[in-house]
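**Student:** Residue numbers (this note's numbering), protein chains in the order written: chain A, 1 to 298; chain B, 1001 to 1266.
Where is the CB? At the ideal position from N, CA and C, for every residue including glycine.
For clarity, every value in this text was computed on a predicted model and none was experimentally measured.
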Amino acid sequence: MRRNRAAIAWGVVGVLAVLVAWEVYKFLGPAEGFVVGAITGETGSGVMLLPRTNDRAMPHIWEMVARLFQSTSGGDTPPLIVPVLTAALTTLGIAAVGWLIGVAVGVLLGLVMQRWRLAEWGLLPWIVVSQTVPLIAFAPLIASIGSQVDRAGTVPWPQWLSVAVIASYLAFFPVAVGVLRGLEAPDRIHLDLMRSYAAGYWATLFRLRLPAAVPHLLPALRLAAANAVVGAVVAEVSIGMRGGIGRMLIQLAGQGSSDPAAPWGPTFGSIALGLVAAGSVALVGIALKNYRRGEATA
Amino acid sequence: MTATTELAVRVTGVGKTFPTKAGDVVALTGVDLTVAAGEFVSLIGPSGCGKSTLLRLIADLDGASSGSLEIFGKPAKQARIDQDYGIAFQQAGLLPWRTVAGNIELPLELHGMAKRARAARVAELAELVGLSDFVTRYPDQLSGGMQQRVAIARALAAQPRLLLMDEPFGALDEMTREYLQGELTRIADDTGAAVVFVTHSIPEAVFLSDRVVVMSPRPGRITDILDMTLGGTRDDALRESPKYFERVTAVREALHGAPVERANER
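1) Mind checking which residues open and close the beta strand (DSSP E) that includes K1016 (chain B)?
2) Work out the CA separation of P1217 (chain B) and G1015 (chain B) for me, nearest whole Å.
3) Residues of chain A with CB under 7 Å from A1059 (chain B), in chain order?
4) Over what stretch of residues does the alpha helix (DSSP H) that includes T1216 (chain B) continue unbroken?
5) Would DSSP call E1070 (chain B) helix, strand or coil?
6) Between the Cα of Y291 (chain A) and those of B:T1229, B:Y1138, B:A1153, spot the shortest distance and give me the residue it belongs to.
7) Excluding the 5 residues flanking T53 (chain A) on each side, which residues of the same chain have their C-beta closer than 6 Å to its C-beta?
8) Taking 6 Å as the limit between beta carbons, can you name the residues of its chain near H190 (chain A), skipping five residues before and five after?
9) So, I1058 (chain B) versus I1071 (chain B), is the Cβ gap smaller than 8 Å?
10) List the residues of chain A whose Cβ lies closer than 7 Å to the Cβ of L1125 (chain B), in chain order.
11) Can a CB atom of chain A be found closer than 8 Å to the CB of L1110 (chain B)?
12) Determine the extent of the alpha helix (DSSP H) in which M327 (chain A) is found, giving its start and end residues.
13) Answer yes or no: do A213 (chain A) and A277 (chain A) have a C-beta to C-beta separation smaller than 8 Å?
14) Check for me: the alpha helix (DSSP H) holding G267 (chain A) runs from which residue to which?
15) Give the interface partners of Y25 (chain A) over in chain B, defined as CB-CB distance under 9 Å, in chain order.
16) Quick one: what's got a C-beta closer than 8 Å to G1013 (chain B)'s C-beta in the same chain, skipping five residues either side?
17) Would you mind listing the beta strand (DSSP E) stretches within the stretch 1169-1199 of chain B that are 3+ residues and don't spill past its ends, in chain order?
18) So for F69 (chain A), helix, strand or coil by DSSP?
19) Taking the C-alpha atoms as reference points, what is the distance between E120 (chain A) and W126 (chain A)?
20) Can you check whether the C-beta of L218 (chain A) is within less than 8 Å of a C-beta belonging to chain B?
21) Is A1250 (chain B) helix, strand or coil by DSSP?
22) Spatial neighbours of V237 (chain A) within its chain, please: CB distance less than 8 Å, with the 5 preceding and 5 following residues excluded, ordered by chain position.
23) Quick one: Cα of G110 (chain A) to Cα of G1073 (chain B), how far?
24) Taking 8 Å as the threshold (beta carbon to beta carbon), is Y1244 (chain B) in contact with chain A?
25) Shorter than 8 Å from the beta carbon of I1087 (chain B) to some beta carbon of chain A?
26) Cutting at 6 Å between CB atoms, please list the residues of its own chain near V97 (chain A), excluding the five before and the five after it.
27) With a cut-off of 8 Å, do at least 3 Cβ pairs link the stretch 1199-1217 of chain B to the stretch 1165-1175 of chain B?
28) By how many angstroms is the C-alpha of G231 (chain A) removed from the C-alpha of I166 (chain A)?
29) Name the DSSP beta bridge partners of A1036 (chain B), please?
30) Since G182 (chain A) contacts L217 (chain A) with CB under 8 Å, what's their CB separation in whole angstroms?
31) Using a Cβ-Cβ distance cut-off of 8 Å, determine whether P1160 (chain B) contacts chain A.
32) Run through the stretch 121-185 of chain A for me and flag every whole alpha helix (DSSP H) of 4 or more residues, listed as ranges in chain order.
33) I need the DSSP call for F1089 (chain B), collapsed to helix, strand or coil.
34) For chain A, find out if any of its Cβ atoms is closer than 8 Å to the Cβ of Q1083 (chain B); answer yes or no.
35) Over what stretch of residues does the alpha helix (DSSP H) that includes I1058 (chain B) continue unbroken?
36) Counting pairs of beta carbons, one from the stretch 1145-1156 of chain B and one from the stretch 1087-1094 of chain B, are three or more of them closer than 8 Å?
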């Protein structure tokens, strides 16, 4: 219990440190930044070594927070936090679908690779290579396949599904690798024991390999959740889907010079999104806590 | 022991070679051994003598390179499938996510025993190894000796007529070890199971066994088989008796291949 409290305290200190660093730099740093090799009269020339600290480039933290509660775009529009939360929830839903697809595909790949060594040799290099394909290159492809399927009319394929599939592309990777490692985690003695019970593949899988994989699986699921959120945000931007937090970020960043605190709204929204996603996986971890016990050595 | 001397284990001309990059390594060669039903036989010898390998062959965890193994008259593989033996290793090897009861009932669960029958059997086994108060605990909440008792209960769960044990007390402290040795002889008597027991401790082999099989390395083979004839009761008094020391000396001499000088007898 005391360790828990200390962990929470240090977490708070960590967040505060970032906020303090922001404000301290804003206070001490040069308002127009520090640029070397600038040519007079030519805007944007030279190399900026220290970023600008004026209110347009670095709004105060309290301004960012206050902006959340001011109306979105003047007049009767609701406070910024309302569209931010709506957009964040939309993206969270899409990321969750992407996470589920990614986990399903990852678990399946992990199972196949563990079962057949040949499949591991054949698949694992491709799985690793798949992650080097830039999402930006890959997203429009999925979007166009999706819209073609949708136009064909037999199966509806809304735009958000394309985003979810793209998110799953990032999410499946840690799961596939984690499941493979986890399924191979049981001790030799446990495998011998199952053999002595004449237990077949499925019995060994459910009684031994899957439970033993849990400690490897949980970090993989958490990584997958973070990846799914990043993937969903990037995919929204690159295929131009409306309604999510990614699109909102781009939109408000475009108005940044006139309303510098506004883009921080969706930024906070996407941070919250990531935390909720990772936190949900932590709940899964609590539910599976018995599978994370270590056997005390004799 | 029945007069008809039904054989629990018959090993005939068994050899085992492991292929390695540097050539084949002969782990066992020309092993002949029989274990009668209800008999307690220890395999003893220095490391590399193939005693654990022999046990693994009997358990059909590895296949023999030559010769034949019969367990209760069946090929080793069939005996494994029929659950004719229970096995325990040096590490308890309990599944950490299962309670004591869950670990003991694992083999029963795998063979489709009904839940109620399982619960009854678990209660019986927990009683037998003296862990009735701990059935809901998890392995990480038990001492090493208790974990090993759970492993023994698990090995006994399916009521095997043969118990295979690979240095099960090797990782325990001396006190726990002696206590569990006493318990094991009692359990073996109660269940009437034959036991093949791998150890590198001479006193342990002598105290437990009807016969001690002495093995030697490079290549692994049986060099001697000694009858203990210490009678039925195995208790602490036996550990003090001259007969016991005599057997310990006999096994030690068999292991070293020459009479050991005994200063206290001059």
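**Tutor:** Let me lay it out:
1) 1007-1020
2) 13 Å
3) Those within 7 Å of A1059 (chain B) in chain A are S196.
4) At residue 1216 (chain B) the sequence reads Ser, which differs from the Thr that was named. No alpha helix (DSSP H) holds S1216 (chain B); the beta strand (DSSP E) holding it covers 1211-1216.
5) strand
6) B:Y1138
7) K26, G29, A31
8) Once the five neighbours on either side are set aside, the close Cβ partners of H190 (chain A) are L208.
9) Contact flag set, yes.
10) Within 7 Å Cβ-Cβ: nothing; L1125 (chain B) doesn't reach chain A, min ~16 Å.
11) yes
12) The first residue shown for chain A is 1 and the last is 298, placing residue 327 (chain A) beyond what the model contains.
13) no
14) A quick correction: the sequence has Thr, not Gly, at residue 267 (chain A). Per DSSP, T267 (chain A) belongs to the alpha helix (DSSP H) from 264-287.
15) Correct list: empty, because the minimum Cβ distance to chain B is about 48 Å.
16) G1030, V1031, D1032, S1066, G1067, S1068
17) 1194-1199
18) DSSP places F69 (chain A) in the coil class of the three-state scheme, outside both helix and strand.
19) E120 (chain A) and W126 (chain A): Cα-Cα distance of roughly 10 Å.
20) no
21) A1250 (chain B): helix per DSSP, three-state reduction.
22) G246, R247, L249, I250
23) 41 Å
24) Using beta-carbon distances, Y1244 (chain B) does not count as an interface residue toward chain A, since no partner is under 8 Å.
25) yes
26) A164
27) yes
28) 6 Å
29) DSSP lists B:L1007 as partners of A1036 (chain B).
30) 5 Å
31) no
32) 135-152, 159-183
33) In the structure shown, the three-state DSSP call for F1089 (chain B) is coil.
34) Yes, Q1083 (chain B) counts as interfacial toward chain A.
35) 1051-1058
36) yes
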